[in-house]
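Asks: So the protein sequences, as listed, match chains D and G.
All you need for this note's numbering is the position in the first sequence, starting with 1, plus 17.
All you need for this note's numbering is the position in the second sequence, starting with 1, plus 2.
Quick reminder that beta carbons are idealized off the backbone N, C-alpha and C, glycines included.
Please read all numbers here as calculations on a predicted model, not as lab measurements.
I have a structure I would like to understand better, so I am pasting it below and will then ask my questions one at a time.
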Amino acid sequence: MISRRGALIAGGTGAAVVAGGGVAAYKVATGDKPEPPSPPSVDAQGKLLWRNWSGVQHAYPAARLAPKDEGELAAALKVAQAPIRPVGAGHSFTALAPTNGTLISLDSLSGVVGWEGDEAIVRTGTRLGALGPMLAEKGRALSNLPDINKQSLGGALGTATHGTGARIQAMHGSVTGLRLVTPSGKVIDADATRNPEVFQAARVSLGSLGVITQVRIKTSANRRLRRRVWLEPFEEALAKAEERWAQHRNFEFFAVPFTGLAANISHDETDDPALPRGPDQDTEFLQALRGLRNLLGFATPLRKAAAHALLSTAKPETAVDEGWKLLSTERPVRFNEMEFHLPAEHQLKALAEVVRTIEKERPDVFFPIEARRIAPDDAWLSPFQGGPRGSVAVHAYYRDDFTFLYELIEPIFRRYDGRPHWGKLHTLNGGQLEAIYPRWKDFLAVRRELDPDGRMLNPYLKGLFGLGY
Amino acid sequence: MRRLALLAALGLTLSACGAKTPPPPTPEQALALRPADARLSGLYETSCHACHAIPGTGAPLVHDRAAWDVRWKQGEATLLDHAVQGYNAMPATGQCATCTPADFQALIRFMAGREDSAK
């Protein structure tokens, strides 16, 4: 349904190209910026480029390690050139991974290595997309998944990555134990009773305490879910969001700027037979929005009218399948992103203000703005510590300018007492973070004990923690 | 000489006309394809498979010669740069933090159905 509309809009863009003719006319007609310049594949010393998923962070590490077991990792950590940074799938937009020292991948430390009842022992190099079928073999599943499933489990936990659901915690909320290898090569097992302070600090720790090699994580029955996607006026979505978070197992919605519309997505458990999801339509929808931006970005009322006419009558989509096949989505269109987690009572006000600001100031934005709800937990650096939080995520196409996130959007989030997603763009550090994390000093004390020389800290992390090494 | 060159060119043209592009793999075949080398297969599984083995992700499908041949014409050096630096929807290095340039080259050849280029 949406894809046919996307094709219509893309056709409109094409007509503009043909009418105008030439490459320059194409650029004017499409409004698309060229591929951003890339750093060279190797630097002057012949070191290979590392770059994050969106392309906004890069480095030329002196060494890259992929230890095959904990012993090899522990031995390597003792002598590795600092800064030592663990890396997963590179999905963080903040500079958590870049290092000119040692980059450590846990790709060789992956898989489910045991079970304790319904809790799985999982190595943290496991990619989330691969973990679903592994757990499903035992009839189990993670209770929730984030929007993207390409990340490593370690990277997702370390940045407090989350899905949506008013009664479901972020991923680290399901972790009941973990194994940490410190920069000195010491192996520490931690849970609520063994080394409890290390456990509370390490559950969300940005890869700054050492390398977490495995976790014990709660699972739930691998149930089928019914997924529904439907469009409606944005104001209606705002008015009904709270009751939908209360009603559905998982609920989120996307405010679609310059359309007056919102896309709602719900998931609920069902015993109905499987009805597979079918081909991805989100990418077509995005292309349609980009086409509208390119053709009518100069006239917001016209753009809104065209969007409403083309998109508002799209039929709802339904799919039924096991949760691990539905909760995450392919995101082949790269972007940069800022996401803050706000006290639940402020979330919708902040979202409405963000949409108004973008529609007033930034007609180049076309990505939908995502609103999710997350249950609280008690990890010291969890953004969800202390009460339920609602997240608002603003995206910018990877070729487009994203400085408006800092200039226009972050001040709104901060006014509503938001905490930033650790892996997504923000400018907070030191005292600003101490003011919004009650256990900030406790975390820094554990960090200092485990890594007194700061070998796990790159310049970004030193600044984030307000440390002057 | 000129006649020889013309004949050679004609021969090449005829031979090109005769060489049919093999059909793309079925979705099931694409999902199952792996490099023969075990280490390379592990890298492929972790970093390439999620996009290049599933139709409709926007990435050229593994062993789909029609999709890969237009890219192959750009030259291996360009494809290697695109793989390392990222290009369009392709994230830099396919997010393989430990792949070497030789690994990328081998993975590109495998996916493009050009493993014979290594010989």
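(1) To the nearest angstrom, report how far apart D297(D) and F106(G) are at their CA atoms.
(2) For H75(D), which residues does DSSP report across the bridge?
(3) Output the boundary residues of the alpha helix (DSSP H) element that contains N90(G).
(4) In angstroms with no decimal places, state the Cα-to-Cα distance between H86(D) and R68(D).
(5) Note down the Cα distance separating L113(D) from S127(D), rounded to an integer number of angstroms.
(6) Give a yes or no on contact between the region 253-270 of chain D and the region 312-328 of chain D, applying the rule of three or more CB pairs nearer than 8 angstroms.
(7) Once DSSP output is grouped into helix, strand and coil, what is the label at D338(D)?
(8) Where does P37(G) land, buried or exposed, given buried means 16+ other C-beta within 10 angstroms?
(9) Given E427(D), which residues of its chain have a CB within under 7 angstroms of its CB, disregarding the five upstream and five downstream residues?
(10) In the DSSP assignment, find the beta strand (DSSP E) that holds T287(D) and state where it starts and stops.
(11) Kindly list, in the order they appear in chain G, the residues whose Cβ is closer than 9 angstroms to that of W67(D).
(12) Please list, in chain order, all residues of the same chain as K50(D) whose beta carbon is under 8 angstroms from its beta carbon, the five residues on each side excluded.
(13) Sorted by chain position, which residues of the same chain lie with C-beta nearer than 8 angstroms to Q231(D)'s C-beta, five sequence neighbours on each side aside?
(14) According to DSSP, simplified to helix, strand and coil, what is A316(D)?
(15) Would you say D71(G) lies against chain D (beta-carbon separation less than 8 angstroms)?
(16) Tell me the DSSP bridge mates of L461(D)?
(17) Should R102(D) be labelled buried (16 or more other beta-carbon atoms within 10 Å of its own) or exposed?
(18) What first and last residue would you give for the alpha helix (DSSP H) that runs through I110(G)?
(19) P349(D) by DSSP, collapsed to three states: which one?
(20) Which runs of the beta strand (DSSP E) spanning at least 3 residues fall entirely within the region 193-223 of chain D, listed in chain order?
(21) Is it the case that the Cβ atoms of D299(D) and T346(D) are separated by a distance below 8 angstroms?
(22) Have a look at S43(G), A99(G), A68(G) and flag the residue whose alpha-carbon is nearest the alpha-carbon of P27(G).
(23) What three-state label does DSSP hand W247(D) in the structure shown?
(24) Taking the alpha carbon of Q402(D) as the point to measure from, which residue in I386(D), F352(D), R456(D) has its own alpha carbon closest?
(25) With DSSP run on the structure shown, which of helix, strand or coil describes T100(G)?
(26) Rounded to a whole number of angstroms, what is the C-alpha to C-alpha distance between P57(D) and V73(D)?
(27) To the nearest angstrom, how far is it from the Cα of P349(D) to the Cα of T210(D)?
(28) Report the CB separation of A91(G) from G60(G) in whole angstroms; it is logged as a contact under 8 angstroms.
(29) If we call anything under 8 angstroms between Cβ atoms a contact, is P84(D) one with T119(D)?
(30) Using the rule of at least 16 other Cβ atoms within 10 Å of the residue's Cβ for burial, across every protein chain shown, is P93(G) buried or exposed?
(31) Expressed to the nearest angstrom, what Euclidean distance is found between the alpha-carbon atoms of D394(D) and T420(D)?
(32) With 16 other CB atoms within 10 Å as the buried threshold, where does P24(G) fall?
(33) Taking three-plus beta-carbon pairs below 8 angstroms as touching, is the region 172-180 of chain D in contact with the region 212-226 of chain D?
(34) Are the C-beta atoms of P296(D) and some chain G residue less than 8 angstroms apart?
(35) Spell out whether any CB of chain G is found under 8 angstroms from the CB atom of D338(D).
(36) Would you say T176(D) lies against chain G (beta-carbon separation less than 8 angstroms)?
Replies: In short, the structure shows the following:
(1) Rounded to whole angstroms, D297(D) to F106(G) spans 28 angstroms at the Cα level.
(2) Looking at the DSSP assignment, H75(D) forms a beta bridge with R68(D).
(3) Neither: N90(G) is in no alpha helix (DSSP H) and is coded neither H nor E.
(4) Going by the sequence as given, residue 86(D) is Asp instead of His. Looking at the two C-alpha atoms, the distance is approximately 25 angstroms.
(5) Taking the straight line joining both Cα atoms gives about 21 angstroms.
(6) Segments in contact, no.
(7) In the three-state scheme derived from DSSP, where H, G and I count as helix and E and B as strand, D338(D) is classed as strand.
(8) It counts as buried.
(9) Result list for E427(D): M355, H443, T444, in chain order.
(10) Counting along the chain, the beta strand (DSSP E) containing T287(D) begins and ends at 278-287.
(11) Result: A94, T95, A99.
(12) Closer than 8 angstroms at the Cβ level, and outside the excluded window around K50(D), lie R416, D417.
(13) So the qualifying residues of the chain are L126, V130, I138, V139, R140, T141, L195, R196.
(14) When DSSP states are grouped into helix, strand and coil, A316(D) belongs to the coil group.
(15) Not flagged as an interface residue toward chain D: D71(G), since no C-beta distance is shorter than 8 angstroms.
(16) Bridge partners of L461(D): none, in fact.
(17) When all chains shown are included, R102(D) counts as buried.
(18) Its alpha helix (DSSP H) spans residues 103-113.
(19) Three-state DSSP puts P349(D) in coil, outside helix and strand.
(20) Whole beta strand (DSSP E) segments, 3+ residues: 204-208.
(21) Note that the C-beta distance between D299(D) and T346(D) is below 8 angstroms.
(22) Among S43(G), A99(G), A68(G), the Cα nearest to that of P27(G) belongs to A68(G).
(23) If DSSP states are grouped into helix, strand and coil, W247(D) belongs with the strands.
(24) Of the listed residues, the one whose Cα sits closest to Q402(D) is R456(D).
(25) Taken through DSSP and simplified to helix, strand or coil, T100(G) comes out as coil.
(26) Taking C-alpha positions only, P57(D) is separated from V73(D) by approximately 14 angstroms.
(27) When rounded, the distance between both Cα atoms is 42 angstroms.
(28) That pair is a contact at about 5 angstroms.
(29) In this structure, P84(D) lies away from T119(D), with their beta-carbon atoms at least 8 angstroms apart.
(30) Under this definition P93(G) is a buried residue.
(31) Distance between the alpha carbons of D394(D) and T420(D) is about 32 angstroms.
(32) Under a 10 Å Cβ-count criterion, P24(G) is classified as exposed, with fewer than 16 other Cβ atoms of the shown protein chains found around its own Cβ.
(33) Judged by Cβ distances under 8 angstroms, the region 172-180 of chain D makes contact with the region 212-226 of chain D, as three or more pairs qualify.
(34) In terms of beta-carbon proximity, P296(D) lines the interface with chain G, with at least one pair separated by less than 8 angstroms.
(35) Answer no: the Cβ-Cβ gap between D338(D) and chain G never drops below 8 angstroms.
(36) For T176(D), no CB of chain G lies under 8 angstroms from its own CB, so it is not counted at the interface with that chain.
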